[in-house]
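Asks: Provided herewith is a single structure, encoded as structure tokens, for subsequent inquiry.
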Amino acid sequence: GHEGVVKILLERQDVNPNIRDAWNTTPLSFAAENGHEGAVKILLERQDVNPNIGGAWNITPLSFAAGYGHEAVVKVLLEREEVNTEKADQLGGTPLSIAAQHG
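All residue numbers for the sequence shown refer to this note's numbering, where the first residue is 897 and numbers rise by one.
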């Protein structure tokens with residue numbers, strides 16, 4: 897499955913786990929946005945993965961997960977002490993306000 901592919905890629909020294917695409921989205925943001933709890937866990941096992949990098953419109957992985965109602969992913973992200981629960985996107989939305997807006 898894809899979790900296995902994520903693990904294989906992360907084993908390589910030349911793979912940057914914080915790489916961004918054209919929209920500034922990181923692998924962690926993609927996994928969080930799409931509710932892929934297993935991939936989020938695998939990525940967060942690495943201390944060099946920054947869980948606070950905002951992608952397009954400065955939306956963080958936590959905000960993506962909260963906005964799409966991915967409860968399990970939100971819980972996994974909140975296990976990391978350095979996750980910023982108050983980081984706002986470009987429109988001022990925080991994880992809580994985004995979850996409430998969509999909830």
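Backbone N, C-alpha and C fix where the C-beta goes; we use that ideal spot for every residue, glycine too. The model shown is predicted, which means the values in this text are computed figures rather than measured ones.
#1: If you reduce the DSSP assignment to three classes, tell me which class N954 lands in.
#2: Please report how far the alpha carbon of E907 lies from the alpha carbon of K937, in whole angstroms.
#3: Is A968 near E941, with beta carbons less than 8 Å apart?
#4: Quick check on Q986: does DSSP put it in helix, strand or coil?
#5: Express the C-alpha separation of Q909 and V979 in angstroms, rounding to a whole number.
#6: How about T990 and E977: do their beta carbons lie closer than 8 Å?
Replies: Let me spell this out:
#1: Note: N954 maps to helix in three-state DSSP.
#2: Using only the alpha carbons, I get a separation of about 15 Å.
#3: Contact check for A968 against E941 fails: the beta carbons are separated by 8 Å or more.
#4: Three-state DSSP puts Q986 in coil, outside helix and strand.
#5: The alpha-carbon separation between V979 and Q909 amounts to approximately 25 Å.
#6: A distance of 8 Å or more separates the beta carbons of T990 and E977.
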